[in-house]
Every structure is written in C-alpha cells, then in structure tokens.
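Be aware that the sequence shown starts at 12, since it is given in our numbering, and climbs by one per residue. Glycine included, every Cβ here is placed at the ideal spot set by N, Cα and C. This one's a predicted model, so the numbers in the text were calculated from it and none came from an experiment. One structure below.
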Amino acid sequence: MENTLNPHAQTCLQALMRCWFDFERRIQRVPIITRLNAGKFSNDDYLALLLNLRQQVIEGSRWIARSASSFDRNHAQVRSIAIGHAQDEHKDYLLLEKDFVNAGGNLTTIEQAPRNAGSEALHAYLMYRASQPNPIDMLGAMWIIEGLGQKMASEWAERIDALIPAKNATQFMRYHGENDDTHMQELYHLLDLTCTNAAAQTSIVKTATVVGRLYAMQLEEIDSEN
Numbered sequence: 012m013e014n015t016l017n018p019h020a021q022t023c024l025q026a027l028m029r030c031w032f033d034f035e036r037r038i039q040r041v042p043i044i045t046r047l048n049a050g051k052f053s054n055d056d057y058l059a060l061l062l063n064l065r066q067q068v069i070e071g072s073r074w075i076a077r078s079a080s081s082f083d084r085n086h087a088q089v090r091s092i093a094i095g096h097a098q099d100e101h102k103d104y105l106l107l108e109k110d111f112v113n114a115g116g117n118l119t120t121i122e123q124a125p126r127n128a129g130s131e132a133l134h135a136y137l138m139y140r141a142s143q144p145n146p147i148d149m150l151g152a153m154w155i156i157e158g159l160g161q162k163m164a165s166e167w168a169e170r171i172d173a174l175i176p177a178k179n180a181t182q183f184m185r186y187h188g189e190n191d192d193t194h195m196q197e198l199y200h201l202l203d204l205t206c207t208n209a210a211a212q213t214s215i216v217k218t219a220t221v222v223g224r225l226y227a228m229q230l231e232e233i234d235s236e237n
C-alpha cells in the first residue's frame, strides 16, 4: 500500500507507524492491560474496561460525522467516505453493552456511567479538531483508534475469553478485529487524497500523537477511579 501513495502520504505513513509504536508501548504499560497480558485479568476488570470504553465508542461516530460536516465542497469525496464511516459505527455501542450484560453487568449501570477524565479529554480534543475547517488531521485520530481495533482487539478478545467465566461476551472486540481492516484501507485512500504537502503531514501526525496519549490516559483512569 505504501508504494501506491503519493510521496507526502508515504512520508506521513512512516511517521504514523512511529506514532503507533509509541502508542502501543504506552498501552502495554497501562495497569489493566498489564494484568490482561499477565493472565491476571478478572471479570470485574473486564466490566470496568467495557464501562470506560463505552463513552468513547458512543462519541466515535459523532466526531467522525462532525469531521464530515466540516469539509467543504472541494473535499466532497473525503466527506462522503467519512459519512459512510460514521454510519457504519454509530450503533457499535449496542454490541459493547450486550457484552457488558453477558459478562454479568447491569445495563442501567453502563448506560448511566459518566466519562472518566481521560474520556472527557479525548472527546473534547476530537470534537475540537473535527470542528475545524477541512480537518484532514483527523486521519491521525483514525489511525490510532482504528489501528487499535485492527491490531489488538482480536488478541484481547482471545485472552479475555480464556480468563473470564462469561460466554459470548467479547463480540464487540471480535467484530472490530475482523472489520477494521476495511476501515484501514479507507484510511490509506484518504491519506493519499489529502496528505499532499508538508503542512498536512505535520497536522495528521500531531493529532495521532495527541490521540494516542489521551487514549492511554482513558485506560489509565480505570484504575485511578477504582
């Protein structure tokens, strides 16, 4: 894929890969993920993880839709792809809620749970950036969040299924592990369309860096609040 991108997009992709490696290192140091990797992850850990991910999942389609509305007519193709992506994901939270209930959680509990501090910061940043004119830097946000689904979700689901007694409770992660490849292909196409100069490259990489750090903060807050 890299060879089919324009030169600026190729350079941007290489920088995004470095952002991803930094994000992955941060995620592996988060306490709840450390427990998962060490085989010390409990059912209560899983409920806490789902409860704290729900707000980011609900807001995901909102910031994608906001991004779409911020593109002008000169970016009609980008806007159309973003609208389709928002439509694909706007009910993903229902699958997450079903997993929460299957793992023994109460639906009202997850429906009424407020955002943690990291989720608040992540949501505020994403909506702010998405509201800027022609926010091509949101490709950096997609790189981190869709990359998490593509590269980690299936592996997490396998480990969780092996560690908790609940059955049929990792549908959300498995769905994203199986389907985010398609979204990543869309991202490469968008990168080629929009990353055509050094300024675009810088903005995309910066947003990826910030989103990676805020996403890790969102997961760190799970233990801070318990």
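Cβ-Cβ separation between Ile233 and Leu60: approximately 7 Å, consistent with a contact (criterion under 8 Å). Closest in alpha carbon position to Asn145, among Met184, Ile156, Gln88, Val112, is Gln88. Cβ atoms of His96 and Ile75 come within 8 Å of each other, at about 5 Å. When DSSP states are grouped into helix, strand and coil, Phe34 belongs to the helix group. The alpha-carbon separation between Gly223 and Ser91 amounts to approximately 26 Å. The residue from Met195, Pro18, Ile38 with its alpha-carbon nearest to that of Leu150 is Met195. Met28 counts as exposed, since fewer than 16 other beta carbons sit within 10 angstroms of its beta carbon. Inter-residue distance for Thr213 and Val112 is about 42 Å (C-alpha atoms, whole angstroms). Taking every protein chain shown into account, the CB of Arg77 has 16 or more other CB atoms within 10 angstroms, so this residue is buried.
Under the DSSP assignment, Lys109 falls in the alpha helix (DSSP H) whose first and last residues are 103 to 113. Between Leu64 and Leu133, the gap from beta carbon to beta carbon reaches 8 Å or more.
Look at Asp99 here: in three-state DSSP terms it is helix.
Straight across, the Cα-Cα distance linking Leu159 with Arg84 is about 31 Å.
If you check the CB distance, Asp203 and Asn17 come in under 8 Å. Out of Gln21, Asn117, Ala93, Gln143, the CA that lies nearest to the CA of Thr218 is found in Gln143.
Around the Cβ of Tyr139, a 10 Å sphere holds fewer than 16 other Cβ atoms; the residue is exposed. Using a Cβ distance threshold of 8 Å, Gly188 and Ala211 do not count as a contacting pair.
Under the three-state reduction of DSSP output, Ile69 falls in the helix class. Rounded to whole angstroms, Tyr136 and Ala227 show a C-alpha spacing of 14 Å. As the crow flies, the alpha-carbon of Gly50 is around 28 Å from that of Pro125. The segment 126 to 193 contains, as complete alpha helix (DSSP H) runs of 4+ residues, the segments 128 to 141, 149 to 159, 165 to 174 (chain order). Secondary structure at Val216: helix, using DSSP grouped into helix, strand and coil. Closest in alpha carbon position to Trp154, among His19, Phe34, Thr15, is Phe34.
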